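All the letters of the sequence shown, read from the start, carry residue numbers 361 to 481 under our numbering.
Note that the Cβ used here is the ideal one computed from N, Cα and C, for glycine as well.
Just so it is clear, the structure is predicted and the values come from calculations on it, not from any experiment.
Data first, discussion second: the structure below is written as structure tokens.
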Amino acid sequence: YNHLATVVCGVFAAVLTGLWPLFVDFAPVLNIVFLMAVPITWFLVVICWLAQKSTDYVHNSKHKPASANPKTAKHELTLEEIKRISKELTQDLNDVRDHVKIKDEEILRLRHEIANLNTMA
């Protein structure tokens, strides 16, 4: 979807490739610079393209639009299902509260024990 990096690198690589023959006779050191820069920029174009294809594949495989697949129907929850799920979540919340209450009581007991030990020392 977003091939901006690939396009920018591709344009830069194409410009370098086009300028290479023009600057070969200008200075011998430029031939070495272009000899290193052109393959590197085309390599970056390929890497950017592969990275974008990989990203597209990963995100498209998990998030298919509902309209793309006509067999997929929207699943609406019934009132009974909502009540059942709400009851389960309420029970889980109560279990967590009980667990936290036990831990808080244990922390208070340990603080009291530490305070007793500090007074003994």
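Inset, instruction - Out of LEU390, LEU395, ALA397 and VAL405, state which residue places its alpha-carbon closest to the alpha-carbon of ALA365. - result: VAL405
Legend entry - Neighbourhood of TRP409 by C-beta, 6 Å cutoff - its chain only, sequence neighbours within 5 removed: THR366
Legend entry - Run of the alpha helix (DSSP H) containing VAL384, from where it starts to where it stops: That residue, VAL384, is in no alpha helix (DSSP H); it is neither H nor E in DSSP.
Inset, instruction - Check whether the Cβ atoms of THR415 and ALA373 sit closer than 9 Å, and answer yes or no. - result: no
Legend entry - Endpoints, alpha helix (DSSP H) assigned at THR450: 439-480
Legend entry - Alpha-carbon spacing of LEU390 relative to ASN420, whole angstroms: 44 Å
Legend entry - Nearest-angstrom Cα separation, counted from ALA411 out to LEU379: 27 Å
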